[in-house]
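Novice: Protein chains in written order, with UniProt numbering: chain A, 1 to 255; chain B, 1 to 255; chain C, 1 to 255; chain D, 1 to 255. Where is the CB? At the ideal position from N, CA and C, for every residue including glycine. Computed from a predicted structure; not experimentally measured.
Given below as structure tokens:
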């Protein structure tokens with residue numbers, strides 16, 4: 001019995017797999033997660049779902065059962081981990097962040113009374129579990145390198161986000177002042193002008209709302225050019241941080 | 001009395017706070033600035049303001065009184081700083097850049113006769129005060145690193161801005177020459193074509209104005225591809241400058 | 001006879017040319033490929049083709065004959081390479097990746113019965129042959145430097161692509177939930193919302209589909225700002241990787 | 001006489017000014033160039049020109065006369081340079097690249113019979129002269145650093161431009177194949193589809209032309225994501241090259 005639990009733990013817990021990458025079971029789980037997400041996405045298209053509603057309902061039920069079995073197996077196997085031994089340990093495990101995500105992902109099937117839209121978002125939540133598995137598998141080094149780069153320059157990145165926020169606020173305030181009288185629908189208040197401002201500063205530029213007065217176009221032009229700085233600043237910070245993180249990683253590997 | 005002033009100075013002047021980050025009072029001021037800005041922004045939406053005009057007027061009066069008290073307290077506490085001692089020193093302080101910003105931010109309330117739009121911009125000006133506080137608080141190192149990076153490569157950044165300006169001018173001149181006859185409204189003069197040119201070179205691309213002749217599309221295509229260079233150049237310069245500034249900072253910290 | 005083959009091999013096989021860059025014959029082939037691609041592209045414009053259909057048919061026949069002669073010459077010359085000696089070696093050569101591309105590029109002319117659109121894509125395939133020639137000519141060092149940079153950080157790049165995919169999925173799911181009822185045509189299912197989501201996250205922003213509800217605009221704004229991270233992340237990784245690859249290359253050259 | 005020439009040379013030829021930056025005369029010339037360009041740009045707006053046509057004609061005549069005087073003075077002063085001594089040397093100088101640009105910039109005024117649009121472009125050409133002056137003045141170091149960075153990685157940059165060209169070609173070919181039947185006006189030929197393709201790959205995204213079929217949207221999505229690589233690649237190369245060029249410059253300065 002204990003041997004089965006040890007085997008299950010080795011297969012299910014990414015920390016328990018001593019070799020490189022993920023265990024075969026976890027690879028299968030990844031595949032199931034992707035399939036379930038794909039099904040959930042495709043199903044939202046009414047034309048596709050209506051062609052074979054039974055197939056989709058069966059698939060959903062199948063995924064829910066498989067993920068439930070997996071959830072129960074994970075709880076059972078968690079006992080291998082000294083932190084989660086015994087009944088109290090299992091309860092602690094069930095309240096851990098990842099176990100709650102696992103639970104949320106199977107709940108909507110069993111609580112059929114939840115509105116369909118919310119259920120859809122919960123089902124999509126399953127895909128977050130991929131993050132946990134990838135963080136512990138083949139991509140673990142890439143994760144740690146990128147996380148180190150972002151963490152090392154967190155203050156600089158937050159600062160450039162703050163400056164971006166100020167820029168957003170001032171450009172939308174300027175446009176509000178000069179355009180409100182001419183386009184009350186689009187620029188009649190600062191929150192409305194913010195929609196235009198975000199589209200411009202991120203260089204998305206939908207074009208559903210554009211200034212029409214000369215002053216508005218002048219401010220918009222300045223905003224668009226400032227938007228380049230908004231993109232260049234975090235990119236430059238990240239590039240420098242990545243460069244540093246990769247060098248450290250290489251230095252560690254050479255030792 | 002002097003002790004009170006010393007205490008006030010320690011709490012209000014960011015230079016006077018010897019510990020890391022900001023003093024509790026300045027943290028509160030930051031929060032008040034954010035709240036006041038949020039109120040000012042929300043209030044511009046007629047639907048929201050009309051629902052409870054009294055609330056907004058009271059809030060605005062409250063903020064104005066709080067910031068006035070803060071302004072007077074800062075002037076009083078400034079005497080702690082040897083540069084601003086005595087009446088003459090206080091006057092010098094009141095003419096300093098930041099004190100003027102503080103004054104401008106409370107003025108519109110007391111001068112009720114200013115047109116409402118301008119008053120709105122002045123009220124928004126308060127948010128600039130966040131910059132001063134953040135520059136001296138927790139983000140001071142991030143500020144200095146980014147400022148050092150930008151300053152070290154100022155000439156290169158200005159040069160790429162100048163080249164961008166030339167590119168803007170020539171692309172709008174070309175489009176004016178080939179499109180003016182077909183779209184006089186949008187390309188009838190170089191300043192008009194400049195609107196299209198900025199939207200294209202910054203890759204915003206609203207699409208409210210696009211060339212329709214074959215030559216116009218050809219020039220526009222070349223402009224759009226050149227726009228990538230326009231983004232890549234300052235990003236590359238900033239990345240290199242950040243990399244250098246962060247390395248220097250790390251070297252200093254290791255010593 | 002063998003001398004002719006050796007000469008042909010030296011001229012045709014990029015590996016056989018001992019000097020820097022490409023052999024004169026291969027330069028001519030590059031020129032022919034570019035001309036043939038240009039003709040194939042221009043020809044799709046009905047107005048141009050109809051002006052002189054005979055010219056285009058003759059050109060296409062000419063290119064097909066030249067590339068056939070080149071194909072046969074390459075097969076003949078391949079015998080110089082010890083791997084492809086004799087009849088069996090020639091067959092092996094004909095089944096190699098690049099030889100198949102060469103064959104696919106001349107096939108459509110001889111199999112006139114293929115539908116015109118597919119034939120067009122096959123004719124365009126010829127241009128892929130430029131890649132092979134450039135990889136062995138003057139650009140060989142640039143190729144290897146860039147390939148090394150991309151390969152060294154493949155996991156980090158794939159990870160940021162994966163995160164981008166998650167972001168795409170969640171932003172389209174959110175927009176689907178809040179906008180489906182108001183714009184069923186554009187946001188009626190997650191795959192439909194994905195079209196908007198890609199345009200926004202890549203900052204393309206066509207503007208053919210934009211959210212109209214307040215919640216939709218809020219989510220869209222967050223998506224657009226996240227899109228900057230989506231661009232900054234791979235750019236930063238590539239910049240750091242290029243920096244490393246170029247330094248290694250410089251170090252090798254100095255030795 | 002020779003002393004006047006030496007003085008003129010010192011003031012006019014940027015190489016002749018031994019101190020940092022530009023000579024006072026050349027600073028004035030820069031200002032005049034900017035003013036002349038500004039006048040030429042503003043004048044294209046019919047409403048502005050019609051308000052005071054006489055002012056603009058006088059200004060243009062004034063600029064033309066000043067630049068003619070400057071041109072003649074430069075030819076005279078060129079004799080100071082050993083390369084351009086005597087009559088033959090002056091002729092050689094007049095055929096040098098920059099002297100021809102100077103000539104082209106004053107020609108349109110004296111040849112009044114040229115069509116107005118072309119004359120406008122020639123007048124704008126004057127602004128190119130700013131490049132020469134900036135290259136020798138305060139921005140000379142920034143110019144050389146950026147030029148060194150671009151030159152050192154020219155092959156890599158050209159290669160990424162070539163890959164971008166291939167991407168453009170294939171994405172427009174795919175869209176042509178799948179969309180031609182549905183939108184003959186926008187995707188009826190590869191050159192027409194190229195317009196959409198450039199707007200998408202550079203992330204400009206005007207939105208005047210967008211795919212409407214499911215396959216078209218699929219290819220467009222892939223193109224848009226590939227467009228991020230198209231921006232990231234040259235940015236990464238430039239960042240790495242700038243980083244290297246700045247380090248070399250710093251090392252030189254420290255010696």
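Ignore the nearest five residues each way along the sequence and tell me which others in residue 2 of chain D's own chain have a CB closer than 8 angstroms to its CB.
Specialist: Closer than 8 angstroms at Cβ, skipping near neighbours: no residue.
Novice: Between which two residues does the alpha helix (DSSP H) containing residue 39 of chain D stretch?
Specialist: Unbroken alpha helix (DSSP H) run through residue 39 of chain D: 24-43.
Novice: Exposed or buried, residue 65 of chain C, counting other C-beta atoms within 10 Å across all chains shown (16 or more means buried)?
Specialist: It is exposed - the Cβ of residue 65 of chain C has fewer than 16 other Cβ atoms within 10 Å.
Novice: Within 10 Å of its beta-carbon, does residue 194 of chain C have 16 or more other beta-carbons around it, so buried, or fewer, so exposed?
Specialist: So residue 194 of chain C counts as buried.
Novice: Count the other C-beta atoms from every protein chain shown that fall within 10 angstroms of the C-beta of residue 27 of chain A, then say buried if there are 16 or more, exposed otherwise.
Specialist: By the neighbour-count rule (16 or more Cβ atoms within 10 Å), residue 27 of chain A is not buried but exposed.
Novice: Distance, Cα to Cα, residue 167 of chain B vs residue 159 of chain B?
Specialist: Those two C-alpha atoms are separated by around 12 angstroms.
Novice: Would you say residue 239 of chain A reaches chain D, if we count a Cβ-Cβ gap shorter than 7 angstroms as a contact?
Specialist: Residue 239 of chain A counts as touching chain D.
Novice: When the Cα atoms are used, what is the spatial distance from residue 79 of chain A to residue 129 of chain A?
Specialist: Straight-line Cα distance between these residues: approximately 21 angstroms.
Novice: Name the chain B residues that come within less than 8 angstroms of residue 141 of chain D, Cβ to Cβ?
Specialist: Residues of chain B passing the Cβ test: 155.
Novice: Quick check on the burial criterion: 16 or more other C-beta atoms within 10 angstroms. Buried or exposed for residue 46 of chain D?
Specialist: That one is exposed.
Novice: So that I know if they touch, is there some Cβ in chain B lying closer than 7 angstroms to that of residue 216 of chain C?
Specialist: Residue 216 of chain C does not count as touching chain B.
Novice: Report the residue from A/9, A/29, A/89 and A/17 whose alpha carbon sits nearest the alpha carbon of residue 63 of chain A.
Specialist: Nearest of A/9, A/29, A/89 and A/17 to residue 63 of chain A, Cα basis: A/29.
Novice: Counting only beta-carbon separations shorter than 7 angstroms, does residue 231 of chain B have a partner in chain A?
Specialist: Yes, residue 231 of chain B counts as interfacial toward chain A.
Novice: Whose Cβ in chain B lies nearer than 8 angstroms to the Cβ of residue 150 of chain A?
Specialist: Simply none; closest approach about 13 angstroms.
Novice: Are three or more beta carbon pairs between the region 210-217 of chain D and the region 199-216 of chain B nearer than 8 angstroms?
Specialist: No: fewer than three Cβ pairs fall under 8 angstroms.
Novice: Could you check what DSSP says for residue 81 of chain B in three-state terms: helix, strand or coil?
Specialist: Looking at residue 81 of chain B - three-state DSSP - the assignment turns out to be coil, as it is neither helix nor strand.
Novice: Look up residue 206 of chain A in the DSSP assignment and say whether it is helix, strand or coil.
Specialist: In this structure, residue 206 of chain A counts as coil in the three-state DSSP scheme.
Novice: Within the continuous alpha helix (DSSP H) that includes residue 170 of chain A, where are the two ends?
Specialist: Residues 154-179.
Novice: Nearest to residue 125 of chain A by alpha carbon, out of C/132, C/103 and C/173?
Specialist: Considering only alpha carbons, the answer is C/173.
Novice: Write down the C-beta distance between residue 161 of chain C and residue 150 of chain C rounded to the nearest angstrom, noting that I regard them as a contact closer than 8 angstroms.
Specialist: In fact, because the Cβ distance is near 12 angstroms, the residues do not count as touching under 8 angstroms.
Novice: Any beta carbon from chain C within less than 7 angstroms of residue 227 of chain B's own beta carbon?
Specialist: Chain C contact via Cβ: absent.
Novice: Are residue 260 of chain B and residue 224 of chain A close, meaning C-beta to C-beta below 7 angstroms?
Specialist: An answer regarding residue 260 of chain B cannot be provided, because it is not within the stretch 1 to 255 covered by chain B.
Novice: Counting only Cβ-Cβ distances shorter than 8 angstroms, please list the residues of the region 193-221 of chain B near chain A, keeping chain order.
Specialist: Here the close residues are 194, 195, 198, 199, 202, 203, 204, 205, 206, 207 and 208.
Novice: Going by the beta-carbon positions, is the gap between residue 95 of chain D and residue 108 of chain D smaller than 7 angstroms?
Specialist: Not a contact, by the Cβ cut-off of 7 angstroms.
Novice: Taking the beta carbon of residue 133 of chain D as the centre, do at least 16 other beta carbons fall within 10 Å, making it buried, or is it exposed?
Specialist: Buried is the call here.
Novice: Output yes if chain D places a C-beta closer than 7 angstroms to the C-beta of residue 190 of chain B; else output no.
Specialist: Taking Cβ atoms only, chain D reaches closer than 7 angstroms to residue 190 of chain B, which makes this a yes.
Novice: Between which two residues does the alpha helix (DSSP H) containing residue 324 of chain C stretch?
Specialist: This structure gives no information on residue 324 of chain C, because the portion of chain C shown stretches from 1 to 255.
Novice: Would you check if there are 3 or more beta carbon pairs closer than 8 angstroms linking the region 13-20 of chain B to the region 136-155 of chain A?
Specialist: Contact between the region 13-20 of chain B and the region 136-155 of chain A is absent, because fewer than three Cβ pairs lie under 8 angstroms.
Novice: Any C-beta of chain B sitting closer than 7 angstroms to the C-beta of residue 223 of chain D?
Specialist: Not closer than 7 angstroms to any Cβ of chain B, the Cβ of residue 223 of chain D fails to qualify, so no.
Novice: Counting Cβ pairs, one atom from each stretch, are 3 or more of them under 8 angstroms apart for the region 236-248 of chain B and the region 239-250 of chain D?
Specialist: Touching, yes.
Novice: Express the C-alpha separation of residue 247 of chain B and residue 253 of chain D in angstroms, rounding to a whole number.
Specialist: Approximately 18 angstroms between the Cα atoms of the pair.
Novice: With distances taken between CB atoms, is the gap from residue 76 of chain C to residue 84 of chain C smaller than 7 angstroms?
Specialist: No, they are not a contact pair.
Novice: Check this for me: beta carbons of residue 190 of chain A and residue 41 of chain B, under 7 angstroms apart or not?
Specialist: Yes. Within cutoff.
Novice: Check whether the Cβ atoms of residue 44 of chain B and residue 59 of chain B sit closer than 7 angstroms, and answer yes or no.
Specialist: It is not a contact, given that the beta carbons lie outside the stated cut-off.
Novice: Does chain C have any CB closer than 7 angstroms to the CB of residue 30 of chain A?
Specialist: Judged by the 7 angstroms Cβ criterion, residue 30 of chain A is not in contact with chain C.
Novice: Counting only Cβ pairs nearer than 9 angstroms, list the residues of chain D close to residue 45 of chain C.
Specialist: Those are 188, 189, 190, 191 and 192, listed as they occur along chain D.
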